[in-house]
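Since the structure comes first, as structure tokens, the remarks are kept for the end.
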Amino acid sequence: MDEKQLRQQEMLLQNGLNPNFDGNDSNFTDSPRNIADNLYKQRNRKFKKLHILYVFFIFSIAILQFISIAFFSRGFLLTRNVLDNISTDNNPNSILNDKPQFDKTVILIVDALRFNFVIPVDVDSMDYNPNYHNNIDVLYDTFKNSQDSSSVLLKFIADPPTTTMQRLKGLTTGTLPTFIDAGSNFDGSVILEDNLIKQLYLNKFWNDIYFVGDDTWDALFKPYLNQQFSRPFDSLNVWDLDTVDNGVISYFHEYLIDQSSKDQMTYKTLIGHMLGVDHVGHKYGPNHFTMKEKQLQINQFLKEIINSIDDNTLLVVMGDHGMDHTGNHGGDSVDELESTLFMYAKKKNSFTLDKDYETSYNISNFGESYKQVNQIDLVPTLSLLLDLQIPFNSLGWPIDEIAQNSQQLEMFQNITVQQLHTFKETSNLLTSDDERNLLLDELFEKNLYHDYQIQLLEVCKDLWARFDYISIAIGITFLFISLVYLIILTQLIPSIVINKLVTEFVPLIICLIFILNLIFFGTFYVFPTSASQHHPLRFLNGHFIWTSLFSTAIGIILGIMIPLLDHYSIKWLICRFFEFFGDYWTRVAGIFVILHSLLFASNSFTIWEDKIVGFFLTSFGCLTLYEFVFVPKRQSTVALLSGLYVENKKKVITNTDELDDVAAELNKKMEDPYPDSLPLSKESRILGSYHSILLIILTRLVSTITICREEQGDFCKPTFTIDNNYSPYIMGLLFIMIFLIPSLVKGYFRLSSSYQGAAPFWINGFLRCFLLMNFIYWFITSLEITVPSWSVNLFKGMDIKTMNFTLSRTLAGFSLVAANIGWLMGPLCIELGLSNNSENVNVKQASVLGYKNIYGSQFFLLVINVFMSIVVFNKPLAQLSIFAMLLQLLTILEIIDLFRLKQNIIGPVALGLLCYQQYFTTGHQATIPSIQWDMGFILSPSITFPLTHIGLFLNTFGPHIIVSLSVALLTFWRQPPSILNPQTLLARIVSSCGGLAIYNTVLCLSSFIFVTHFRRHLMVWKIFCPRYLFASASLLITQFIVVFVTIAFASGRLIRQINELFWRQ
Amino acid sequence: MAKKKGNKNGNPQNVKVLPDTSKRNINSQNLKPNKETNNTNIKKSILNTPFHLIILLFLYTTQRHKFDEELLLYLLIPLQIIYTIFQFSSNFSNSNNSKKISKRTINLTLILVVPITMVFAAIPIGLLVILFGGPILENYKKTILLSLNLSNLLLPIIYLSFNKQISIDIGKQYAVSIFLGCWLSSIVIPLDWDRPWQMYPVPLMVGGYLGSILSYVLTDFF
């Protein structure tokens, strides 16, 4: 039966006629039931096809954005050209051939040993804290009491970024790791570049290296360490405070302390790396009693080492970086950079201290003016002390204290400067006519060696910050084009037209991607020489991945552009763009988006983004409140009109779509789509005002939760601290929330009378049980953290900590897997209700309860699932914030629904603001140290591939996930079935999702532009670069969730299911 | 209630107030309709300009590093009352009242009662400041002084609307422009210029005063 016949039959059905008896043609033998069935099947097929096309279409735009981010990052994130040269004995400059000064070296690295941990601090001082001050006294005491110059204690300044991997590279190679290396912290690989450990290994005298501690060493220096005796420990499990340290201590006891009398130690170099202090910092912050215990333990250990080493051993104790007031590190604040270097030998006069003892080694005011050396200086210093070659790439300068007399100092400096000069000449850093090169040569000839080193270091810092502007420009251009497409295709062109256009886009995109890949591969990969030397795209030469990414992006751009320009003129699109902003709420949304994106134009605004986003959300609340209270008659406010406009237009355009129209018409009679259209009724105004006020108050309340950025300084008081997170008050609040949250959600469901069917089961059952178990889990965790040495043995060999892991895994498994499978079963929130007919008492009237919100209520159950899975991975205060987020979300949905702004871009923008506000109030900031690494260890005590990563992902991007899922609710919430046909509904969801994508894209584009503009800014690595990374991640994650979860999975399924119920009659 | 009044008084366009961020919107969209469909006669007199507010603002900002909200408040209240009596009130009359209010009739009891009502008006203003992110406990004295200052900027309008010389909807415009002044001026707070005038209540005070001066002046021209 072809479509035309079907349509005819449908028409007849509408008129109440049986097609079987109509007309002379007796071919129509199908019963009405069958016809409806066929109709449904056809509709379903049509919808499925369109759905797939839409998913592909949005996905291709997401791919375009991914490629643009990849290109931008390629150009912006710096990489350093590593020279593989190795300094060898054959080096003609070598002067070091006599026997070394020492027999053995013991190097102990105490991770995160901040400088003011080891010096005496005035107890009357304002900032004195007994938890971390004056606990480690052995280093300073030894230094002070050694009048024979057998030790030296210095402040050790690390170079940012202060992540352990970067520091180890810096400490051993003596050079400056660039930002791109920071990303590989989880994926250590052997350092091939010349380094101190390699030199130790190559040197016949020192080559037996024993190592114990942080397994990052094992990853970086595996070939050089003595594999038989080395004992690496897992380093990234920050909740484990003692394993590594106890391992190091027992190892040292075994090989050093207990054996000092017997002379049977085979090793020449012993390296230990302790992580306890760092892990305490990550887990509890410095201000915690555990820190004191840890520091006292280390103090005792250091004493033992100092007492046990023999006369010919050199002991080096150092920290790789410090920690900030929250106990984290990675940035470049003073607290993070200041670490400790301590060298000790029993031999007298091993070192020469500064003449001016009091000023150089001044410990007053937390050692503010204490003599400091750079971390890279360690490499030449140790090399010279141990008679090694200075590693080839080293940029450091030997510290003055190691020379015993001025001749030796001069010799040391000569050796170092030779190495630096060789490095400079070999590396071709500068062209010979460069001004800086001339300056360096001049300094070298004038024998101003130290100035030469300082100058060279500056040059390197400068050069390793060289950007690839072509890649940057490509990235920005692609992202801009994707933004234009998103605006045109999801906002400007009516969705009904897009339904048709998509069928043209998708095949063309696929074809063009293939064709362009072939062309570009031919040009750049197969025949790379065909592109000339000055071709702007010559960097693609021979790069498989970049060539394919570039051609794919061009394919997507052209694939959309050709059909688009075929149907619309640019002039019309521009006019439509300005017309688009004729609407009041669209203008408001535009202002919010533009203001938010302009924040990145200034470092102060970027720093205070958390407060400003809250300010915007409050402003949105105030605008809606104003609207509800005063109801200004603003014609353009009435989005209803534009809705009707589209509906009318649809009739004109889609004559072919008669089937849908007829059915829609029929249903419109059944159910008035807008029973209380604007102007708002008094009740809805009161309700709306209540929602607005609730939104404002909740926004203000959650904005009190903050983990301050270091740059915010005294103006911000951190509330997201360990003390607050696990305080009894917060635990009490969490307990109350077990009862409050389900009831409040229930209230919102009741508003649309959809607390039926599966809803009580889900909200009262699942959600409440989940919150209770979640509370138990976090209550135990809080006891573990606040009460020292708290542990309960439940069963034999199973203490409560083990039980806690079981609990957390149950919670995560339930919310991530079980609940979603439950949702797949299609929990409907409707029920058949019987009521008395007002006219006739004897006749009962049947009605479907929850009919009006059938889409929204069911979709919200999925949001609850996601919400549950995110709650487990957040600390108690952040949980409170996410509870508030659920309510804020519901108020925004209600407000948008009351104003009939479902298709306006203000909805997605308000949700976007909510998402960013919640990102900040769940204890995050747009900085790398604020990542809550400890949340990775909720499901497993050590790093396990999916578990740790899921935890970190859900913790960091929780609000983004919730918002990108619930953006579909803008359309679904209070959307009765059978008013819009499935295609239109899907198109509207894509339009809302597009709104959210536009918001994130504008932010990302703005961060691209401003980070490029401020590339030489003092704060670029501290403020702008992390913000750009965060913007890119937000955009990609939002797009990913929107495409695969919201549109592909949830919406498609939901629409099909409801369709089946209400169309198959 | 406000809505009802607006409707009774005629053209609904009249009550169109955009709580928008740009100043241009105020004059182009809010106040222009006023000119076309006058339900409240405002005498366009240059004397309507609140010179006292300009002077107060000048005093406030040029005092050396000492932004004294308290002093300003003490000066503001009497000056606003005087302004209301001698200038502002006389230039407003309600066209709906067929009985013309004679030029110098001043409801003396009302004008004495109004400052007391301003104290109550200050409460929601203070709450609004806090909801928009103002400090809750620290600096609460400044918040109180700020909200009293802002509420007293509305004194002439409140008096007139109590005296039924204008409708509340007109008064709303003044409130909105003061709000907008504060909203916009808060831009300078996060900037790291370390200037004394960036400290918490100062930008809001200046923004509020500027907003009210603009709204009083603009009524003259539109």
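Chains as they are written, first to last, in full-length UniProt numbering: chain A, 1 to 1065; chain B, 1 to 222.
From the three backbone atoms N, C-alpha and C, an ideal C-beta is built for every residue, glycine too.
Interface residues of chain A facing residue i [CB-CB closer than 9 Å]
i                : result
Asp192 (chain B) : Ser602, Asn603, Ser604, Ile607 and Glu711
Reference residue i, options the options, closest by Cα
i                      : options                                   : result
Leu1061 (chain A)      : A:Asn865, A:Val848, A:Ser681 and A:Lys902 : A:Val848
His273 (chain A)       : A:Lys292, A:Ser753, A:Ile249 and A:Tyr255 : A:Ile249
Lys46 (chain A)        : A:Thr172, A:Asn499 and A:Leu202           : A:Asn499
Leu420 (chain A)       : A:Leu439, A:Tyr452 and A:Gln407           : A:Tyr452
Lys902 (chain A)       : A:Leu395, A:Ile989 and A:Leu811           : A:Ile989
Phe873 (chain A)       : A:Leu913, A:Leu939, A:Phe899 and A:Ser930 : A:Leu939
Phe301 (chain A)       : A:Ile1058, A:Thr326 and A:Tyr251          : A:Tyr251
Lys786 (chain A)       : A:Thr290, A:Lys155, A:Asp37 and A:Leu275  : Just to set this straight, residue 786 (chain A) is Thr in the shown sequence, not Lys. If we check each option's Cα against that of Thr786 (chain A), A:Thr290 comes out closest.
Thr117 (chain B)       : B:Glu138, B:Leu148 and B:Asn107           : B:Leu148
Gln280 (chain A)       : A:Ile309, A:Asp242 and A:Leu832           : The residue asked about is misnamed: residue 280 (chain A) is Val in this sequence, not Gln. Comparing Cα-Cα distances from Val280 (chain A) to each of A:Ile309, A:Asp242 and A:Leu832, the minimum goes to A:Asp242.
Ala812 (chain A)       : A:Thr719, A:Ser150, A:Phe770 and A:Gly850 : A:Phe770
residue 1066 (chain A) : A:Phe1010, A:Ile554 and A:Leu50           : This structure cannot speak to residue 1066 (chain A), because chain A is shown only from 1 to 1065.
Met935 (chain A)       : A:Ile376, A:Ser808 and A:Phe1024          : A:Ser808
Classification of residue i by the beta-carbon crowding that lies within 10 angstroms, buried from 16 upward
i                : result
Pro223 (chain A) : exposed
Ser835 (chain A) : exposed
Leu210 (chain B) : buried
Leu659 (chain A) : Reliability fails at Leu659 (chain A), whose pLDDT of 47 lies under 50, so the model's placement of it is uncertain and no value is given.
Met737 (chain A) : buried
Arg195 (chain B) : exposed
Asn428 (chain A) : exposed
Leu861 (chain A) : buried
Glu683 (chain A) : exposed
Val206 (chain B) : buried
Glu445 (chain A) : exposed
Ile55 (chain B)  : exposed
His450 (chain A) : exposed
Phe899 (chain A) : buried
Closer than 8 Å at the beta carbon, the chain B residues around residue i
i                 : result
Phe749 (chain A)  : Ordered by position in chain B, no residue passes the 8 Å Cβ test against Phe749 (chain A), which lies about 28 Å from the chain.
Lys611 (chain A)  : Gly133 and Pro190
Thr618 (chain A)  : Leu131, Phe132 and Gly133
Ser703 (chain A)  : Gly133
Arg1053 (chain A) : In chain order: nothing, as chain B lies at least about 40 Å away.
Arg33 (chain A)   : Result: empty, since nearest Cβ-Cβ is about 53 Å, beyond 8 Å.
7 Å Cβ cut-off: residues of chain B touching residue i
i                : result
Phe578 (chain A) : The contacting residues do not exist; Phe578 (chain A) stays about 16 Å from chain B at best.
Phe615 (chain A) : Phe132 and Gly133
Ile696 (chain A) : Leu131
Chain B residues whose Cβ lies nearer than 9 Å to that of residue i
i                 : result
Arg1027 (chain A) : What Arg1027 (chain A) touches in chain B: nothing, since even the nearest Cβ is about 15 Å away.
Contacts that residue i makes with chain D (C-beta to C-beta distance below 8 Å)
i                : result
Arg768 (chain A) : Note that chain D does not occur in the displayed structure, where the protein chains are A and B.
key: Continuous beta strand (DSSP E) assignments of at least 3 residues falling wholly in the region 765-829 of chain A   = 793-795
message = With a threshold of 8 Å, are at least 3 pairs of Cβ atoms found where one atom belongs to the region 679-694 of chain A and the other to the region 311-329 of chain A?
response = no
task = Take every Cβ of the region 564-581 of chain A, pair it with every Cβ of the region 150-165 of chain B, and state whether three or more of those distances are shorter than 8 Å.
result = no
ask   = Is the region 485-504 of chain A touching the region 984-1002 of chain A, taking contact as three or more C-beta pairs under 8 Å?
value = yes
key: Touching by the beta-carbon criterion (3+ pairs, under 8 Å), the region 197-212 of chain A and the region 351-360 of chain A   = no
request  = Say whether the region 975-991 of chain A touches the region 848-866 of chain A, bearing in mind that this needs 3 or more beta-carbon pairs closer than 8 Å, one atom from each stretch.
outcome  = yes
inquiry  = With three or more C-beta pairs closer than 8 Å as the rule, is the region 780-789 of chain A touching the region 745-755 of chain A?
reply    = no
ask   = Would the region 195-203 of chain A and the region 895-915 of chain A be scored as touching if the rule is three or more Cβ pairs under 8 Å?
value = no
query = How about the region 815-827 of chain A and the region 878-892 of chain A: do they share at least three Cβ pairs that are nearer than 8 Å?
reply = no
Contact the region 552-561 of chain A vs the region 582-597 of chain A: 3+ CB pairs below 8 Å = no
ask   = Is the region 384-394 of chain A touching the region 169-178 of chain A, taking contact as three or more C-beta pairs under 8 Å?
value = yes
query = Counting pairs of beta carbons, one from the region 375-390 of chain A and one from the region 120-136 of chain A, are three or more of them closer than 8 Å?
reply = no
query = For the region 1027-1034 of chain A against the region 995-1011 of chain A, are there 3 or more C-beta pairs whose distance is under 8 Å?
reply = yes
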